[in-house]
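Notes follow the structure.
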DNA sequence: CTGAAAGCGCTAACAA
DNA sequence: TTGTTAGCGCTTTCAG
């Protein structure tokens, strides 16, 4: 095993042709080659169990046929869906995906970016948490195309693809208000990224529009602890803890809006432990519509984000950019949709 | 932007050195270079905003510094954990991960394998469902190292890393028996892969050892429908459906063992709808210990599989193999562990 | 239609 | 310590 690998020269020799001709046949070039020669070469390739070495081609063509995807963590089901969409489109276009989990660690993020560039990736899809982006321009100047998903990056060279978080939260909150709720709480992990800030904004906007001034205790935001790696259990427990704080409020709310489904799962869990009926005594609404939300009892009313579609669009956008055709829009916002289920009810 | 990229020659020219010297400095070779020259070169590199083109190095060294990972679907949280472990080790060793989702599609799987080889990947971690492996040897003969995880592959050149599913199911079943249960059901998706067969075996073994002959209706196995893509919702609904069938049994069981946590989640959900108390009237045990299992109410008793650790070990094994050092064991079986929670109770 | 030759960016003998 | 040179496997002018 593992003898010297066979190259186009070996094939050329076998069929008495030149490497050039072999290359033309085997790389599906449209350069004219007699069909007789074609067959001979193809047969020889099969016979020798030839595997093309793409590094050769890639070096020559200066195109690695890979794209990079940097996300906080693939164990976040949200990103798993997005990546699935990306990969589907990439594969159809003959590209492969280099997956990088930044673990919310700016240093790792930068490291990965560097590696990707060294591997001659010409396009990157990035969901970045880290706020400082000083190095970005140095990279962009090299001609890499970059699409930022979910988390906005303030750079006019970077194409953006995001969800309208503000509107999503607004929708959810409006639903509650129309269901007769006025004492509505907002539970969120630290507002240390654009998405969460927008969520908060949407909540505030909806409340203001309805002329409601929420009590301070209804808005529970966790402390910032940026250094922890992503873990769904963490989000879940965070939901539980926020709930305990919320229940200490003098005037209890009748509904609560959470920054994501996992937090909402924690909320529901804690409420069960504390014998607070959902939705009887307290309505709960999540955000993201991950698969989990259908599995809880009561099933979770939430806001759907088209995650897979975001992956698809991001990758299409990237491929267009890499092909030189400027994308139509510099910035696309995907619209969320409210999904009513059983965890939120009309107030009697 | 995107002018001609700077190469070691540009740097060489700038500092009046040869490309060889530049290469030696910039590739961290231990070849002696005067520290004076070193500094000059490093500065020049920085000044020119140089990014090494790894394709050049990789072609020369015939090593792509990437490994391939082929799994059914990253949206399966089980694999997400494994991949996280793989990536961690790969990164520490300077490797990157090419992620491939086979979607349980043998054709896609073969296609990806081919692409990986063409990209000069020297190691592959594979979790393959498809039973036919005729092409495998043709690849292995080229010297690729291959580690099969979770799902066993019958090939003596392939290193194996698996869980002792049989023992895991045995443990869970034994726990139920020791809790006083004798009417124990087994619910599973189609037994079309090694893991599920072993699970079934473990159930049978434990029952036999206790001298219990389970009724036919207690063993509910879904129809095989290989063509569907993975979806946790599918597993969940499958659990619900199997439960409905199970409840039609003349003699109802007092406990049920499920092939995975998502199925168990469906079971619990359906039981709630049917007003069957868990664990009061029916104990439920899952398998996998994904994060979800802690979030259900009642929290799910299940069998933990060290998923992250499997990723770590698989990647270590692979790196060892690629470095030429034969791994100590050709086949490692990781041991599962029973996690008692609230969904399974002692029988009064 | 086919082939010779140069070269993508980098590394590693071998020479100096 | 540094430089020269010959490739790694492939594509692509340019000539036949």
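Chains as they are written, first to last, in the numbering used here: chain A, 2 to 349; chain B, 2 to 349.
Positions of the beta carbon are idealized from the N, C-alpha and C atoms, including for glycine.
Outcome for residue 249 of chain B when other beta-carbon atoms lying within 10 angstroms are tallied against a minimum of 16
Within the second chain, the letter at position 248 stands for residue 249 of chain B. By the 10 Å Cβ count, residue 249 of chain B comes out exposed.
Is it a yes or a no for the region 100-111 of chain B touching the region 156-174 of chain B, going by three-plus beta-carbon pairs under 8 Å?
No: fewer than three Cβ pairs fall under 8 Å.
Grab me the residues of residue 66 of chain A's own chain with a C-beta within less than 8 Å of its C-beta, minus the 5 sequence neighbours each way, in chain order.
If you number the first chain from 1, residue 66 of chain A lands on position 65. Within the same chain, residue 66 of chain A has close Cβ partners 55, 59, 95, 96, 97.
Within the chosen definition, does the region 112-127 of chain A reach the region 136-147 of chain A through at least 3 CB pairs nearer than 8 Å?
At 8 Å Cβ cutoff, the stretches touch.
Taking 8 Å as the threshold (beta carbon to beta carbon), is residue 165 of chain B in contact with chain A?
Taking the second chain and counting its residues from 1, the one referred to as residue 165 of chain B is at position 164. It does not: the Cβ of residue 165 of chain B has no partner Cβ on chain A nearer than 8 Å.
Below 7 Å on C-beta distance, what does residue 270 of chain B contact in chain A?
Residue mapping note: residue 270 of chain B aligns to position 269 of the second chain, counting from 1. Within chain A, the residues 296, 298 have their CB atoms less than 7 Å from the CB of residue 270 of chain B, given in chain order.
Tell me, please, whether the region 288-301 of chain A touches the region 250-263 of chain A by the rule of three or more beta-carbon pairs shorter than 8 Å.
Counting Cβ pairs under 8 Å, three or more are found: they touch.
Where does the unbroken beta strand (DSSP E) through residue 303 of chain A begin, and where does it stop?
By 1-based counting over the first chain, the position of residue 303 of chain A is 302. 303-305 is the extent of the beta strand (DSSP E) around residue 303 of chain A.
Classify residue 168 of chain A as buried or exposed, calling it buried when 16 or more other Cβ atoms lie within 10 Å of its own Cβ.
Taking the first residue of the first chain as position 1, residue 168 of chain A is located at position 167. A buried status is given to residue 168 of chain A, since no fewer than 16 other beta-carbon atoms sit within 10 Å of its beta-carbon.
Within the 8 Å Cβ cut-off, does residue 114 of chain A reach chain B?
The count along the first chain starts at 1 and reaches residue 114 of chain A at position 113. Cβ-Cβ to chain B under 8 Å: no for residue 114 of chain A.
Is residue 23 of chain B helix, strand or coil when you go by DSSP?
On the second chain, residue 23 of chain B is found 22 positions in, with the first residue counted as 1. Looking at residue 23 of chain B - three-state DSSP - the assignment turns out to be helix.
Closest residue to residue 244 of chain A among A:88, A:218, A:232, A:234 (Cα-Cα distance)
If you number the first chain from 1, residue 244 of chain A lands on position 243. Of A:88, A:218, A:232, A:234, the residue nearest in Cα terms is A:218.
With a threshold of 7 Å on Cβ separation, who are the neighbours of residue 113 of chain B within its own chain once the five nearest residues in sequence on each side are excluded?
Within the second chain, residue 113 of chain B is the residue found at index 112, counting from 1. 71, 101, 103.
Assuming the contact rule is C-beta atoms closer than 8 Å, residue 26 of chain A and residue 47 of chain A should be a hit. Round their C-beta distance to whole Å, please.
Start at 1 with the first residue of the first chain, and residue 26 of chain A comes out as number 25. Start at 1 with the first residue of the first chain, and residue 47 of chain A comes out as number 46. Taking 8 Å as the upper bound for CB-CB distance, residue 26 of chain A and residue 47 of chain A are not in contact here, some 12 Å apart.
Using only the alpha-carbon positions, how far apart do residue 220 of chain A and residue 280 of chain A sit?
In the first chain, the residue the question calls residue 220 of chain A occupies position 219. In the first chain, the residue the question calls residue 280 of chain A occupies position 279. CA-to-CA, the gap between residue 220 of chain A and residue 280 of chain A works out to about 19 Å.
Counting only Cβ pairs nearer than 7 Å, list the residues of chain A close to residue 82 of chain B.
As a first step, residue 82 of chain B must be located in the second chain, where it is residue number 81. The answer, in chain order, is 76.
Report back the beta-carbon spacing between residue 270 of chain B and residue 241 of chain B to the nearest angstrom; my notes put them in contact at under 8 Å.
Sequence index remark: in the second chain, residue 270 of chain B carries index 269 (1-based). Sequence index remark: in the second chain, residue 241 of chain B carries index 240 (1-based). Sure, about 6 Å apart at Cβ, within 8 Å.
Smallest Cα separation from residue 294 of chain B: which of B:223, B:177, B:267?
Here residue 294 of chain B corresponds to residue number 293 of the second chain, with the count starting at 1. Residue 294 of chain B has its Cα closest to that of B:267, out of B:223, B:177, B:267.
Answer with buried or exposed for residue 336 of chain A, where buried requires no fewer than 16 other C-beta atoms within 10 angstroms of its C-beta.
In the first chain, residue 336 of chain A corresponds to position 335, counting from 1. Exposed, because fewer than 16 other Cβ atoms sit within 10 Å of the Cβ of residue 336 of chain A.
For the region 46-75 of chain A, which segments carrying the alpha helix (DSSP H) assignment without a break, of at least 4 residues, lie completely within its bounds, in sequence order?
Secondary structure remark: continuous alpha helix (DSSP H) runs of at least 4 residues inside the region 46-75 of chain A, in chain order: 55-62.
Residue 174 of chain A: first and last residue of the uninterrupted alpha helix (DSSP H) it sits in:
Position 173 of the first chain, counting from 1, holds the residue named residue 174 of chain A. Unbroken alpha helix (DSSP H) run through residue 174 of chain A: 166-179.
Round the Cβ separation of residue 304 of chain A and residue 173 of chain A to the nearest angstrom and send it over; I've been treating them as touching at under 8 Å.
Working through the first chain from its first residue, we reach residue 304 of chain A at position 303. Working through the first chain from its first residue, we reach residue 173 of chain A at position 172. Rounded, the Cβ-Cβ distance is 5 Å, consistent with contact.
Which residues in the same chain have their Cβ closer than 8 Å to the Cβ of residue 346 of chain A, if we skip the five residues on either side of it in sequence?
As a first step, residue 346 of chain A is located in the first chain; it is residue number 345 there, counting from the start. Here residue 346 of chain A has 180, 280, 281, 284 as same chain residues with Cβ atoms under 8 Å from its own Cβ, once five neighbours each way along the sequence are excluded.
Under 8 Å, Cβ to Cβ, is there at least one residue of chain B near residue 110 of chain A?
Here residue 110 of chain A corresponds to residue number 109 of the first chain, with the count starting at 1. Output row for residue 110 of chain A: interface = no.
Excluding sequence positions up to five away, which residues of its chain have a Cβ less than 6 Å from the Cβ of residue 207 of chain A?
Numbered from 1 along the first chain, position 206 holds the residue referred to as residue 207 of chain A. Taken in chain order, the residues that qualify are 171, 174, 175.
So with Cβ pairs under 8 Å, would you call residue 139 of chain A a contact of chain B?
Position 138 of the first chain holds residue 139 of chain A. By this cut-off, residue 139 of chain A is an interface position.
Among B:81, B:325, B:153, which residue has its Cα nearest to the Cα of residue 307 of chain B?
Here residue 307 of chain B corresponds to residue number 306 of the second chain, with the count starting at 1. Out of B:81, B:325, B:153, B:81 has the C-alpha closest to the C-alpha of residue 307 of chain B.
Report all residues from its chain with a CB closer than 8 Å to the CB of residue 232 of chain A; omit the five preceding and five following residues, and keep chain order.
Within the first chain, residue 232 of chain A is the residue found at index 231, counting from 1. Here residue 232 of chain A has 76 as same chain residues with Cβ atoms under 8 Å from its own Cβ, once five neighbours each way along the sequence are excluded.
Could you compute how far the alpha carbon of residue 116 of chain A sits from the alpha carbon of residue 118 of chain B?
Mapped onto the first chain, residue 116 of chain A falls at position 115. Mapped onto the second chain, residue 118 of chain B falls at position 117. Distance between the alpha carbons of residue 116 of chain A and residue 118 of chain B: 21 Å.
Using three-state DSSP, classify residue 134 of chain B as helix, strand or coil.
Mapped onto the second chain, residue 134 of chain B falls at position 133. Three-state result, residue 134 of chain B: coil.
Strictly below 7 Å CB to CB, what residues from chain A border residue 354 of chain B?
There is simply no residue 354 of chain B to check, as chain B begins at 2 and stops at 349 in what is shown.
Proximity of residue 211 of chain B and residue 178 of chain B at Cβ, strictly below 8 Å:
Start at 1 with the first residue of the second chain, and residue 211 of chain B comes out as number 210. Start at 1 with the first residue of the second chain, and residue 178 of chain B comes out as number 177. In contact: residue 211 of chain B and residue 178 of chain B (Cβ atoms closer than 8 Å).
Just verifying my parser: in three-state terms, what is the DSSP assignment at residue 334 of chain B?
Position 333 of the second chain, counted from the start, is the residue given in the question as residue 334 of chain B. For residue 334 of chain B, the secondary structure class from DSSP, reduced to helix, strand or coil, is strand.
Residue 150 of chain B, DSSP secondary structure in three states:
Counting from 1 along the second chain, the entry for residue 150 of chain B is found at position 149. Here DSSP, grouped into helix, strand and coil, assigns residue 150 of chain B to strand.
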